[in-house]
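Peer 1:
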Amino acid sequence: MRPFGGADSCVMVKSTRIALLSVVVAVLSILGFVAPSQAAPPGRVDPRPSTEKLARELQELQWRSRGAIQVNAIGESNQGRPVWSARVGDGPLRILYVTQQHGDEPLGTPAALEFLRDVGVGQSNYQRWLRSQVTVDIVVRANPDGHEQNWRYNYAPDATPEYGEAGKGYDINRYHDPAVAPEDNPATEAGLIQRHYAQFQPQIVVDYHMQGRYVDGSGREITASLLWPTNQGVAADDIALAKQISVVAQRSMTEGGANVSQYPGGDYQGIARNAYGLRGSGSVLIELSDMGAEHEQAQIESALRSMLAIAHSAADGSLTKVDPAGADAIPPRGTPLPQAAASSVHSD
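All residue numbers for the sequence shown refer to this note's numbering, where the first residue is 1 and numbers rise by one.
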């Protein structure tokens with residue numbers, strides 16, 4: 001039974017778990033178990049690991065973690081490449097991160113590898129505590145064929161998709177409609193994510209993408225944007241949880257120097273942000289701005305900060321104490337940078 005959400009039957013479970021987590025946090029504070037500072041990844045992180053390198057790194061992380069990280073393929077892409085899941089922790093709170101649904105939006109993937117390294121490799125008191133409180137599953141590079149092609153879509157050149165591009169493939173992030181069964185999903189990789197979600201049943205889903213370049217009202221460049229479900233069918237409690245997650249992400253990224261706005265997303269139920277909200281999760285979209293090679297390391301760090309903060313706040317119970325109204329105070333995204341306006345094609 002889910003600790004988050006609005007069903008009356010969940011209230012006692014939620015209250016008990018929050019109380020237990022509060023006790024755990026107090027004990028950890030007394031014993032000096034504190035979260036490590038969310039510093040930048042050591043050295044330079046490869047912003048676009050190849051398909052082969054990604055597989056090697058995941059297997060190495062599994063080996064170095066001594067079993068704390070479990071790596072499995074949840075299926076294959078249209079061209080036969082594995083779509084990887086990496087899971088760390090065995091706690092009752094379940095979090096699903098998804099990276100690179102759009103093949104040309106890569107930076108969430110290296111952030112996911114660093115998250116796995118930070119949480120799964122090591123036996124510090126904090127790492128063991130965090131792993132005991134949450135189970136984090138990451139679909140790492142959901143669209144390997146799109147990565148190979150360096151385009152947004154999956155690889156289905158014979159398709160004539162409603163959402164996508166003929167001769168290329170489907171826009172995976174338009175094919176998560178809860179009304180469509182995974183086996184009937186024309187976008188193969190979206191069907192894999194749907195099936196994986198149903199098996200894992202996460203309370204929290206965060207989907208990492210990239211966007212173009214924008215400025216806020218004062219002319220300062222936006223480095224990331226985020227949004228919760230906007231489909232009218234999503235339950236109020238699930239929207240509230242998604243807003244709490246958004247506030248935690250925004251604060252953590254801002255502490256690292258980011259400038260975070262709301263994302264102007266749509267209501268369509270096939271978008272993951274809406275679809276998994278409709279299915280009862282706190283579901284959030286995070287868009288990292290495509291600011292060029294000189295900013296990629298900072299953007300990877302920013303995504304990592306959000307991943308760590310969301311997991312930590314879920315584990316220690318502080319997430320449920322966040323005022324959801326804080327999300328509404330996040331400023332809207334502004335206008336495109338003039339030099340980026342013509343070339344920007346990113347959307348959630």
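Glycine included, every Cβ here is placed at the ideal spot set by N, Cα and C.
1) How far does the alpha helix (DSSP H) with THR223 in it reach, from first residue to last?
2) Give the straight-line distance between the Cα atoms of ILE286 and GLU57, rounded to the nearest whole angstrom.
3) Whose C-alpha, out of GLY89, GLY75 and ARG94, is nearest the C-alpha of VAL83?
4) Can you say whether ASP348 is buried or exposed, counting buried as having 16 or more other CB atoms within 10 angstroms of its CB?
5) I'd like to know whether the C-beta of PRO338 is nearer than 8 angstroms to at least one C-beta of chain D.
6) State the start and end residues of the unbroken alpha helix (DSSP H) segment that holds ASP328.
7) Taking the CB atoms as reference points, tell me whether HIS346 and GLY212 lie closer together than 8 angstroms.
8) Rounded to whole angstroms, how far is the Cβ of PRO106 from the Cβ of PRO47, which I believe are closer than 8 angstroms?
9) Should the stretch 171-191 be called in touch with the stretch 249-265, which here means at least 3 C-beta pairs below 8 angstroms?
10) Please return the same chain residues whose Cβ sits closer than 8 angstroms to the Cβ of GLN149, not counting the five positions on each side in sequence.
11) For the structure I just gave you, are there three or more beta carbon pairs, one from the stretch 123-130 and one from the stretch 327-342, closer than 8 angstroms?
12) With distances taken from CA atoms, which of SER302, GLN250, GLY277 and ASP158 is nearest ALA194?
13) Between the stretch 230-239 and the stretch 297-312, do at least 3 Cβ pairs fall closer than 8 angstroms?
14) Rounded to the nearest angstrom, what separates ALA68 and ASP177 at their Cα positions?
15) Would you call ASP158 buried or exposed, if buried means 16 or more other Cβ atoms sit within 10 Å of its Cβ?
16) Let me check understanding here. Comparing Cα to Cα, which of GLY217, SER65, LEU96 and GLY317 lies closest to VAL139?
17) CA-CA distance, GLU255 and SER306?
18) Excluding five sequence neighbours on each side, which residues of the same chain lie with their C-beta closer than 6 angstroms to the C-beta of GLY91?
19) Going straight from the alpha carbon of ASP207 to that of TRP129, what length do you get?
20) Could you give the DSSP three-state label for ALA190: helix, strand or coil?
21) Could you check which residue in ASP316, GLN232, SER289 and ASP216 has the C-alpha nearest to that of THR223?
22) Where does THR230 fall in DSSP's three states?
23) Can you tell me where the beta strand (DSSP E) holding LEU288 begins and where it ends?
24) Can you tell me which of VAL45, VAL98 and VAL71 puts its alpha carbon nearest to the alpha carbon of GLU60?
25) Using a Cβ-Cβ cutoff of less than 7 angstroms, which residues in the same chain neighbour VAL88 once the five nearest sequence positions on both sides are dropped?
26) Who are the Cβ neighbours of TYR170 in its own chain at under 7 angstroms, not counting the five residues just before and after it?
27) Check TYR126 in the structure and name its three-state DSSP category.
Peer 2: For this structure:
1) Start at 1 with the first residue of the sequence shown, and residue 223 comes out as number 223. Segment: none, THR223 is in no alpha helix (DSSP H) and carries neither H nor E.
2) Mapped onto the sequence shown, residue 286 falls at position 286. Mapped onto the sequence shown, residue 57 falls at position 57. The straight-line gap from Cα to Cα measures roughly 24 angstroms.
3) Residue numbering aside, residue 83 sits at position 83 when the sequence shown is read from its first letter. Of the candidates GLY89, GLY75 and ARG94, the one whose C-alpha sits nearest the C-alpha of VAL83 is GLY75.
4) Residue numbering aside, residue 348 sits at position 348 when the sequence shown is read from its first letter. Its Cβ being crowded by 16 or more others within 10 Å, ASP348 is buried.
5) No chain D appears in the structure shown, which is made up of a single protein chain.
6) The residue you call residue 328 lines up with position 328 of the sequence shown. 325-328 is the extent of the alpha helix (DSSP H) around ASP328.
7) Taking the first residue of the sequence shown as 1, we reach residue 346 at position 346. Taking the first residue of the sequence shown as 1, we reach residue 212 at position 212. Going by C-beta atoms, HIS346 is nearer than 8 angstroms to GLY212.
8) Position 106 of the sequence shown, counted from the first residue, corresponds to residue 106. Position 47 of the sequence shown, counted from the first residue, corresponds to residue 47. Contact holds; Cβ gap of about 6 angstroms.
9) no
10) In the sequence shown, counting from the first residue as 1, residue 149 sits at position 149. Counting only Cβ-Cβ distances below 8 angstroms, and skipping sequence neighbours, we find GLY103, TYR155 and LYS168.
11) no
12) Locating residue 194 in the sequence shown gives position 194, where the first residue counts as 1. One detail in the question is off: residue 194 reads as Gln in this sequence, not Ala. Comparing Cα-Cα distances from GLN194 to each of SER302, GLN250, GLY277 and ASP158, the minimum goes to GLY277.
13) no
14) Against the sequence shown, residue 68 aligns to sequence position 68. Against the sequence shown, residue 177 aligns to sequence position 177. Approximately 33 angstroms between the Cα atoms of the pair.
15) Against the sequence shown, residue 158 aligns to sequence position 158. Classification of ASP158: exposed, given that the 10 Å Cβ count is below 16.
16) Residue numbering aside, residue 139 sits at position 139 when the sequence shown is read from its first letter. Cα-wise, what sits closest to VAL139 is LEU96.
17) For the purposes of this step, residue 255 is identified with residue 255 of the sequence shown, where counting begins at 1. For the purposes of this step, residue 306 is identified with residue 306 of the sequence shown, where counting begins at 1. Taking the straight line from one Cα to the other gives about 10 angstroms.
18) Numbered from its first residue, the sequence shown carries residue 91 at position 91. Answer for GLY91: SER132, GLN133, VAL134 and THR135, listed in chain order.
19) In the sequence shown, counting from the first residue as 1, residue 207 sits at position 207. In the sequence shown, counting from the first residue as 1, residue 129 sits at position 129. Near 25 angstroms, if we compare the C-alpha coordinates of TRP129 and ASP207.
20) As a first step, residue 190 must be located in the sequence shown, where it is residue number 190. Note: ALA190 maps to helix in three-state DSSP.
21) Within the sequence shown, the letter at position 223 stands for residue 223. Comparing Cα positions, the closest option is SER289.
22) Reading the sequence shown from its first residue, position 230 is the one you call residue 230. Residue state, collapsed to three classes: coil.
23) Taking the first residue of the sequence shown as 1, we reach residue 288 at position 288. Counting along the chain, the beta strand (DSSP E) containing LEU288 begins and ends at 282-289.
24) Against the sequence shown, residue 60 aligns to sequence position 60. Measuring from the Cα of GLU60, the nearest candidate turns out to be VAL71.
25) Here the question's residue 88 lines up with position 88 in the sequence shown. Only ALA68, ILE69, LEU116, VAL119, GLY120, ARG131 and VAL136 meet the Cβ criterion.
26) Here residue 170 corresponds to residue number 170 of the sequence shown, with the count starting at 1. TYR153, ASN154, ALA156, ALA159, PRO161, TYR163, GLY164, PRO186 and ALA187, listed in sequence order.
27) One-based indexing of the sequence shown puts residue 126 at position 126. Note: TYR126 maps to helix in three-state DSSP.
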